[in-house]
Every structure is written in structure tokens, then in C-alpha cells.
Amino acid sequence: MGCYFRSFSNHKRRIIMRKRFKTIRFFCFLILTLGMICSPLYAGEKVLKISMDAVDAGQSSFNPFTTSTTNNVYYVVYDRLVEMGADGIIYPHLLSSWDVSEDGLTITFTLKEGVKFHDGSDLNADVLKWFLENLGKGQSKYMVAAVESIDIKDNLTVILNLSRPDPNILYNFTSSFTGIPSKQAVEKYKDEYGRKYVVGTGPFEFVSWKTGDEIVLKKNPEYQWGCPLSDNQGPAKIDKLIFKEILEDSTRFLEFKTGGIDILEKAPTLFLAKLKKDPKAKIITMASNTNFHMVMNTKREFLSDVNIRKAIALAVNQENILKAVFQGSGAPAYTYLIDRLPARNVDKKYEIHFDLKTAQEILAKEGWTAGDDGILAKEGKKLSLALWCKSDSDERKIAEIIQDQLSKLGVEIRIEQFDPSSIKAEFKKGNHDLVVRSYGWDNADILEWFFNSTRPGYPTVSMWHDNESDYLMQKAMTRSKTSEERIENFKEYHEYLLSQYLWAPLINTANNHAISKRVTMSSPPRFKILIGPPILDMTVK
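With the numbering used here applied, the sequence shown corresponds to residues 13 to 553, in that order.
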């Protein structure tokens, strides 16, 4: 018995010792893990989280040759030849210099030395020539339509030979559509480029993309060729960028309030008053490129009549929409361009202002009479139209107000909401009547984008096709020899479009950005955009 008892006790002690060893080993592992997490590799990593609204979300590709839309990711993964400052002046970025001949037919571009893509390949004259030639074959070909041929002078210098002077070409190269991708990567990855693989020269490198959720980028540690407007030429002070796709404005607001995001770009106006009172936030207001408008499909039964379009446009009260939806932040739009563009300054008679009485008189002359339900009818047909909008709060709220305003004219409006990712495909079917839309652009050539008859459905949502319009468009786009002549030609084109009442202009917004106070940046803003080259001077606490 004694021997058995000793044997049992020793066995029990061995079991206890093994358990203690496992426990000690577990705690050692835990301490080691926590040590790693708290090490500079993790705790010291500076991460900036930025929200993308319904306009920026839904990107299908990051290939500048094939895309028809861009967002802020383009501005930080890719660099451009030149940048636009907040002062409206164009500054060099990837270019060290440029020179335009007296006749405007030759432009010499000289690249900065030592610029490399994320894959280690060089940016040189050969790559720039390849980029410009491919840009001329894709969605943005109009930007280089005047370029007839390209010569390489040396490893860093190319000469553009133009078929005509193009006073807008330098502006074109400030666009997010002209970020330069790696020739090596595009040719290597082919159809996978733009989704699985994205390679530029920018301050941040592509890491991952969960469609409909988030895009993750990491710092390019070799970056040292920022625009002169930035104090920091590179690399970035932030280690990681996370762009969150959040469609609902209320969700975007809550994410910001709870620290889920650091920058709420284009802060929802519905929550602007609350954000201004938030001690953890600061509001930066920048000049906006955003114009809200209501498109009319000129191929639909009622809307093919310019008088009906005019009456509808005049029955929309821009001031009421500005107050109700945007809390007065911005300005009423009376034309199709943002206010600071010279081509916006048309003859006053072409501006579209709220005038319900005139709208009612127009439809009465057309033979429309109100029934017992207050809805106008003619030859047994009611003036009933569908109004499409994206499901985000601003467009939906605008649609609801327009529905009420047009009811006073006697027009029945049915609101139909669409997910931002699917609405473009629906436009191409041509089954829409009215659509609340917006764009962000600061050049008069946006008129060509929206009214070119060769692209019905999208982006020509109005389905507009008119010979006089096409002639004036070509005159403005391709026959302007100087900047002054270009302004006058676009003004003429703009006035003609306004006279046809293809849109009801609504609002030119202000860009109010909510930024966490843990983020520091240059003040006042030096660029025309918040996310892009300014990222080099940003950091997080």
C-alpha cells in the first residue's frame, strides 16, 4: 500500500507540474503577444480613416484608361503631371517644367528625375509617351484630342505636337483621370489591372479592396517627389489609409462621432449643426465643385416638349431646397455650371429662376387642365412622371421637396430610389423621366460630358440629340485658340443648352469637411481638394 501511495502521489505531482508548465507557457505567449501589439510596429502605426459617400463609392476599377468615374483613391495612389492650387494656379508635380510655343502647337514636358512606380520601374519619357497615347484611346480621350503626335527628346523630355491650340490641356492634366499608372504593371496584369493590381507613383500603395466595404493603402516609403505646394515632399507622415465605403449619411455621421472614421468628407448637411458643436471635430469649408440638378429625359413622351420642360424647371424653387436640405450652405444654381466658372456668366435671360406663375401659364397655353384631383391632364393623359434618385439622404430629400413643389404646378411625381451602384446601368435603358443628380467638376467642359449626343443614357442622361448643340459643343471644345475665346464659345454653348431646358438647376453646394482634432494638416488648404497631394502634410495623434 505504501509503495502504491507513493507512486500515486508522484504521478499526481507530475500532472500538477505539467498543468503549471502549460499555464506558465500560456502567460509567456500572452505577454509576448501583447508586447508585439504594443510595440512601435503596431501601436506606433499612424492610421487615417476616411469616409467615402454615395458619390465616391461604387468604383468599378482603378484603371485610368478604362474608368468613367474616379474617387479620392486615384489622387493618392497615382500622381499627375501638374496640380491645381486653391488659388486656381497650376503647379508642377511630376513635371519639373513645361513650355508652350507661341503658336500653341508644341508643348514640351520635362519630367522630374528619380521618380519610381511602386513596382520599382522608372517614370521616364517612354512611359509618359505610352501613357498619353493610351489616354487618347480610352474614356478620357477628349483630354488629349488635340495631340497629333508625341516625340521623345531625351530620357525625361517629351514633345507634344498639337493639331490645334488647346488652351485647356494643362488643366486636363490636373484631373484625377490623368494619374499615371505603371506601364510595366498594366502590360503584365492586363485585364486584372485596376482591380486586383493598382500601381502608381503616389505617396500610398494599394493593399486591398473589399468591394462595398473598404480600400486599404499603405505608405510608399520611397516617395520624395511631392508637389511644391506641400511642405513635406515625402514620404507621408501617415502609415496607412483606410477608405470606408459608407452610403447612408446617418451611418457616416455615427461612424465619425464614435471614432470609426477620422475625416468625414462632404459632411452631410443634415448633421452639420451637430458637427459644428462637437468639441472633438473641426469643420473646414472649401470651394465646392458640386452642382445638384434635375435631369429631364428628352426622349420621353411628355418631356420631348420643350415647353413642358420649361414649365417644370420654372416650378422648382431652388431657395427652398437650399434651406431645407443644405441649411443654407451653398447657393441656388440658376445655370448648369458652378458659379466661379467664367462660362457660367451667361446673359440673365437664360438663367432659370423659380417662377410658378409663368410655369402655370405655359402649361395652360399648351392645353393642360387640372382634374378634380388637381393633376393636369390633356387628351385623357395625366401629367404624371417618375422622379429617380439615389437612396442617399440628400438626393432623396431633394426629390421629396421637388415632388411637393411640382404638385403645385399640377404634375404628379412618383419617387423611385436606386442603389448608387446600379443606377448608371438603369440610365442606359432610357426608362427614366426625371432624375436628381449631382456632379463635381470645375471646368466648362463638363457640358460636353453631359450633353454629347454620342453617349445617350450615360453620361448623357437627358438623352439629348440636337445638331445645333453638337455644333456649338465642337466649336467650344476644339476651335478655341485662346482661353478668352474658349470662355466665349462655352458661354454660347451653355446659353443654348439653357434655352432648351434640359435640366432644372438646383444648388451649388459648399464643401464642409468634418475632421477629427486628432488630425493635423496645412491651414488654410493649399490645394483645390482635401484628399490627394495635401495628404503629405497630414498626420494623426
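Think of the CB as a built atom: it goes at the ideal place given N, C-alpha and C, for glycine as much as any other residue.
Determine the contact status of residue i and residue j, defining contact as a CB-CB distance below 9 Å.
i	j	result
D431	K409	no
I387	K394	yes
L397	V328	no
P537	I296	yes
G442	G422	no
V228	F268	no
N524	F304	no
H506	V358	yes
F439	V448	no
E277	D406	no
A299	M550	no
I364	A197	no
K128	T213	yes
W461	Q512	no
L514	S450	no
I547	L106	no
E204	H130	no
N232	N455	no
I333	I425	no
F539	G97	yes
L135	I162	no
F77	L147	yes
E2	G379	This structure does not reach residue 2, given that the chain is present from 13 up to 553, and the question cannot be answered.
N184	V156	yes
K230	L253	yes
L284	S341	yes
I275	I527	yes
S481	F463	yes
A345	F502	no
What does DSSP give as the partner residue(s) for residue i in the beta ladder?
i	result
W110	F121
L60	L253
F539	G97
M550	Partner(s): none; M550 has no beta bridge.
N520	N303, A343
K128	D134
V531	V552
L276	A526
W515	V307
P468	T472
Between which two residues does the beta strand (DSSP E) carrying residue i extend?
i	result
T302	302-308
Y103	102-104
W461	Here W461 belongs to no beta strand (DSSP E); instead the alpha helix (DSSP H) covers 458-463.
T297	293-298
R449	446-452
L135	Taken as a continuous stretch (DSSP letters only), L135 belongs to no beta strand (DSSP E), as it is neither H nor E.
H525	523-528
F314	It is not in any beta strand (DSSP E) - F314 carries neither H nor E in the DSSP assignment.
R426	424-430
Give a yes or no on whether the minimum CB-CB distance between residue i and chain C is below 9 Å.
i	result
L147	Note that chain C does not occur in the displayed structure, where there is just one protein chain.
How far does the alpha helix (DSSP H) with residue i in it extend, from its first residue to its last?
i	result
T490	479-490
V88	84-89
I414	405-419
F268	261-269
Y505	495-511
L284	284-289
F77	Segment: none, F77 is in no alpha helix (DSSP H) and carries neither H nor E.
K436	435-439
Whether or not the stretch 83-99 and the stretch 188-200 are in contact is what I'm after, with contact meaning three or more pairs of Cβ atoms, one per stretch, closer than 8 Å; do they touch? Because the criterion of three Cβ pairs below 8 Å is met, the stretch 188-200 and the stretch 83-99 touch.
Which whole runs of the beta strand (DSSP E) in the stretch 181-239 are 3 residues long or more, in chain order? Qualifying beta strand (DSSP E) stretches, in chain order: 216-222, 226-231.
Do the stretch 230-242 and the stretch 531-545 make contact, defined as three or more Cβ pairs closer than 8 Å? Short answer: they touch.
My parser needs the beta strand (DSSP E) runs of 3 or more residues fully inside the stretch 143-174; what are they? The stretch 143-174 is shown to contain whole beta strand (DSSP E) runs of 3 or more residues at 159-166, 169-174, in chain order.
Inspect the CB distances between the stretch 304-314 and the stretch 506-522 and report whether three or more fall short of 8 Å. Three or more Cβ pairs drawn from the stretch 304-314 and the stretch 506-522 lie within less than 8 Å of each other, which places the two stretches in contact.
Pairing CB atoms from the stretch 355-374 with CB atoms from the stretch 281-295, are three or more of them under 8 Å? Result no; under three Cβ-Cβ pairs closer than 8 Å.
The stretch 256-275 / the stretch 58-73 touching (three or more Cβ pairs under 8 Å): Touching, yes.
Counting only runs that start and end within the stretch 329-403, where is the beta strand (DSSP E) found for 3 or more residues in a row? The DSSP assignment places 342-344, 388-390, 396-402 as complete runs of the beta strand (DSSP E) inside the stretch 329-403, in order along the chain (cut-off: 3 residues).
Flag this pair as touching only if the stretch 164-176 and the stretch 114-133 have three or more C-beta atom pairs under 8 Å; answer yes or no. These segments touch.
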